[in-house]
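>
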Amino acid sequence: LLEQVIRELHPLGLATDLFFPSAAYEAYKFGVPGLIFHGTSFFSLCRIACIRLYHLTPRYPLTPNCSLCLVIVIRNYELEPGYANYLLLHYSLQKKAWHIGPASLCNRCAEEKAKRGKVPNIDQYECMKWLDPKNLNSVVHIREIVKGLEMSKQEFIWVVKKEKNEQENEEIWLPCGSVGGFVTHYGWALEGVAAGLPVVTWPDCVKSEAMDKAVRQTMVGEKAGEMKCRTNSLGEMARKAVEEGGSSYND
12 LLEQVIRELH
22 PLGLATDLFF
32 PSAAYEAYKF
42 GVPGLIFHGT
52 SFFSLCRIAC
62 IRLYHLTPRY
72 PLTPNCSLCL
82 VIVIRNYELE
92 PGYANYLLLH
102 YSLQKKAWHI
112 GPASLCNRCA
122 EEKAKRGKVP
132 NIDQYECMKW
142 LDPKNLNSVV
152 HIREIVKGLE
162 MSKQEFIWVV
172 KKEKNEQENE
182 EIWLPCGSVG
192 GFVTHYGWAL
202 EGVAAGLPVV
212 TWPDCVKSEA
222 MDKAVRQTMV
232 GEKAGEMKCR
242 TNSLGEMARK
252 AVEEGGSSYN
262 D
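Position one of the sequence shown corresponds to residue 12 (this note's numbering), numbered consecutively onward.
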């Protein structure tokens, strides 16, 4: 079907995401530039490249060769310089990869942020009013798993989607000084790095005791201070990357 569309419409280019890379490959066969939006990391791209380069799993059904396409990676170069250099070195003659992240640091004014996602059940300004008097780095931002958080005796915000197709508007809490950490899935780690905050992530299943321990380590104690220093450094690095003259801005 896609091949028929390309034949009939003769597009100037085709953009897709990493879950459908074969679309960009189909476009390439007809001389149409293919652009793949990659929201994870340079590391995962290098892993795919090595499997293909060294034939590590010959029977594994690999996706079409994405080195023939253009790639946009939503990361900043400084976060993965080794993997970024490896990828560009081995595929510099065949493709171009742009590192333009973190995207969460773009369009940061209040009006633009207010347009993201859906309207929450409670007024966002009431939530901000509740957050303002809290101590610096004292509030955990949370979406799920309440039992472990109650055991940790840390204050937290609970964000719940109203409907299945409703998106969370987590980024509105990122600039608030009282938010000291996030509890979320693996896919939101870069936004936490961009905010300069530690993140507690979980696999498919997790016990409340493990969540209790992870939250305590993130929010209180010597280890929490060390994590905060590191995430502050990573956050500053990410902000510089998207500012004028930074690696993501220039790319």
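The beta carbon of each residue, even a glycine, is placed where N, CA and C say it ideally should be.
#1: Is the shortest distance between the beta-carbon of residue 232 and the beta-carbons of chain B less than 8 Å?
#2: Measuring straight from C-alpha to C-alpha, what distance separates residue 73 and residue 21?
#3: Pop quiz: residue 57 and residue 100 are said to be a contact at Cβ under 8 Å. What is the actual Cβ separation, rounded to whole angstroms?
#4: How long is the line joining the alpha carbons of residue 261 and residue 212, rounded to whole angstroms?
#5: Can you tell me the Cα-Cα spacing of residue 255 and residue 87, whole angstroms?
#6: Could you say which of 27, 52, 63 and 112 lies nearest to residue 257 if we only look at CA atoms?
#7: Going by beta carbon distance, what residues of the same chain come within less than 6 Å of residue 163, once the five residues before and after it are set aside?
#8: Can you give me the start and stop residues for the beta strand (DSSP E) that residue 23 sits inside?
#9: Under the assumption that residue 205 contacts residue 246 (Cβ atoms under 8 Å), give the Cβ distance between them as a whole number of angstroms.
#10: In the DSSP assignment, the alpha helix (DSSP H) including residue 64 goes from what residue to what residue?
#11: Classify residue 209 as buried or exposed, calling it buried when 16 or more other Cβ atoms lie within 10 Å of its own Cβ.
#12: Under the assumption that residue 191 contacts residue 150 (Cβ atoms under 8 Å), give the Cβ distance between them as a whole number of angstroms.
#13: Go ahead and label residue 36 buried or exposed: buried means 16 or more other beta carbons lie within 10 angstroms of its beta carbon, across all protein chains shown.
#14: Hey, residue 95 and residue 53 are a contact pair by Cβ (cut 8 Å); roughly how many whole angstroms apart?
#15: Tell me whether residue 49 is buried or exposed, calling it buried when 16 or more other Cβ atoms sit within 10 Å of its Cβ.
#16: If you reduce the DSSP assignment to three classes, tell me which class residue 46 lands in.
#17: Short of 7 Å in beta carbon distance, which residues of its chain neighbour residue 17, apart from the five on each side in sequence? Order them along the chain.
#18: Between the C-alpha atoms of residue 146 and residue 166, what's the straight-line distance to the nearest angstrom?
#19: What does a CB cutoff of less than 8 Å around residue 27 pick up in its chain, not counting 5 residues either side in sequence?
#20: My output table needs one value for residue 16: the three-state DSSP class, helix, strand or coil.
#21: Measuring only the C-alpha atoms, how far is residue 194 from residue 229?
#22: Would you tell me roughly how many angstroms separate the C-alpha atoms of residue 51 and residue 203, rounded to the nearest one?
#23: If I measure Cβ to Cβ from residue 251 and keep anything under 7 Å in the same chain, skipping five residues before and after, which residues do I get?
#24: For residue 110 versus residue 244, is the C-beta spacing smaller than 8 Å?
#25: Tell me which residue opens and which closes the beta strand (DSSP E) that residue 34 is part of.
#26: Grouping DSSP H, G and I as helix and E and B as strand, with all else coil, what is residue 166?
To lay it out plainly:
#1: No chain B appears in the structure shown, which is made up of a single protein chain.
#2: Position 62 of the sequence shown, counted from the first residue, corresponds to residue 73. Position 10 of the sequence shown, counted from the first residue, corresponds to residue 21. Because the pLDDT at residue 73 is just 48, under 50, the model does not fix this residue reliably, and the value given afterwards should be weighed accordingly. Cα-Cα distance, rounded: 27 Å.
#3: Taking the sequence shown and counting its residues from 1, one reaches residue 57 at position 46. Taking the sequence shown and counting its residues from 1, one reaches residue 100 at position 89. Contact between residue 57 and residue 100 fails: their C-beta atoms lie close to 10 Å from each other, not under 8 Å.
#4: Locating residue 261 in the sequence shown gives position 250, counting from the first residue. Locating residue 212 in the sequence shown gives position 201, counting from the first residue. Looking at the two C-alpha atoms, the distance is approximately 31 Å.
#5: Counted from its first residue, the sequence shown places residue 255 at position 244. Counted from its first residue, the sequence shown places residue 87 at position 76. When rounded, the distance between both Cα atoms is 13 Å.
#6: Residue 257 sits at position 246 when you count from the first residue of the sequence shown. Looking at the Cα atoms, 112 is the closest of the given residues.
#7: Within the sequence shown, the letter at position 152 stands for residue 163. In the same chain as residue 163, and ignoring 5 residues on each side of it, the C-beta atoms closer than 6 Å to its own belong to 223, 226 and 227, in chain order.
#8: Here residue 23 is taken as the residue at index 12 of the sequence shown, counted from 1. Unbroken run through residue 23: none, as it is neither H nor E.
#9: As a position in the sequence shown, residue 205 is number 194, starting the count at 1. As a position in the sequence shown, residue 246 is number 235, starting the count at 1. Separation of the CB atoms of residue 205 and residue 246 is rounded to 6 Å, and the pair is thereby assigned contact status at 8 Å.
#10: For the purposes of this step, residue 64 is identified with residue 53 of the sequence shown, where counting begins at 1. Taken as a continuous stretch (DSSP letters only), the alpha helix (DSSP H) holding residue 64 covers 53-65.
#11: To locate residue 209, count along the sequence shown from 1; it is residue 198. With 16 or more Cβ atoms within 10 Å of its Cβ, residue 209 is classed as buried.
#12: Along the sequence shown, read from residue 1 onward, the residue named residue 191 stands at position 180. Along the sequence shown, read from residue 1 onward, the residue named residue 150 stands at position 139. The pair is a contact, with the Cβ atoms about 6 Å apart (cut-off 8 Å).
#13: For the purposes of this step, residue 36 is taken as the residue at position 25 of the sequence shown. That one is buried.
#14: Your numbering for residue 95 matches position 84 in the sequence shown. Your numbering for residue 53 matches position 42 in the sequence shown. That pair is a contact at about 5 Å.
#15: Here residue 49 refers to the residue found at position 38 of the sequence shown. Residue 49 sits buried, since 16 or more C-beta atoms from the chains shown fall within 10 Å of its C-beta.
#16: In the sequence shown, residue 46 corresponds to position 35, counting from 1. Residue state, collapsed to three classes: strand.
#17: Along the sequence shown, one-based indexing puts residue 17 at 6. These residues qualify, in order along the chain: 37, 38, 41 and 43.
#18: As a first step, residue 146 must be located in the sequence shown, where it is residue number 135. As a first step, residue 166 must be located in the sequence shown, where it is residue number 155. Between residue 146 and residue 166, the C-alpha separation is close to 11 Å.
#19: On the sequence shown, residue 27 is found 16 positions in, with the first residue counted as 1. The beta carbon of residue 27 lies closer than 8 Å to those of 34, 35, 45, 46, 47 and 48 in the same chain, with the five residues before and after it left out.
#20: To locate residue 16, count along the sequence shown from 1; it is residue 5. Judged by DSSP in its simplified three-state form, residue 16 adopts helix.
#21: Start at 1 with the first residue of the sequence shown, and residue 194 comes out as number 183. Start at 1 with the first residue of the sequence shown, and residue 229 comes out as number 218. Straight-line measurement puts the Cα of residue 229 at about 10 Å from the Cα of residue 194.
#22: By 1-based counting over the sequence shown, the position of residue 51 is 40. By 1-based counting over the sequence shown, the position of residue 203 is 192. Rounded to the nearest whole angstrom, the CA to CA distance from residue 51 to residue 203 is 14 Å.
#23: On the sequence shown, position 240 is the one that residue 251 refers to. Excluding the 5 residues flanking it on each side, residue 251 has same chain C-beta neighbours closer than 7 Å at 257, in chain order.
#24: Taking the sequence shown and counting its residues from 1, the one referred to as residue 110 is at position 99. Taking the sequence shown and counting its residues from 1, the one referred to as residue 244 is at position 233. No, they are not a contact pair.
#25: For the purposes of this step, residue 34 is identified with residue 23 of the sequence shown, where counting begins at 1. Here residue 34 belongs to no beta strand (DSSP E); instead the alpha helix (DSSP H) covers 32-40.
#26: Taking the sequence shown and counting its residues from 1, the one referred to as residue 166 is at position 155. In this structure, residue 166 counts as strand in the three-state DSSP scheme.
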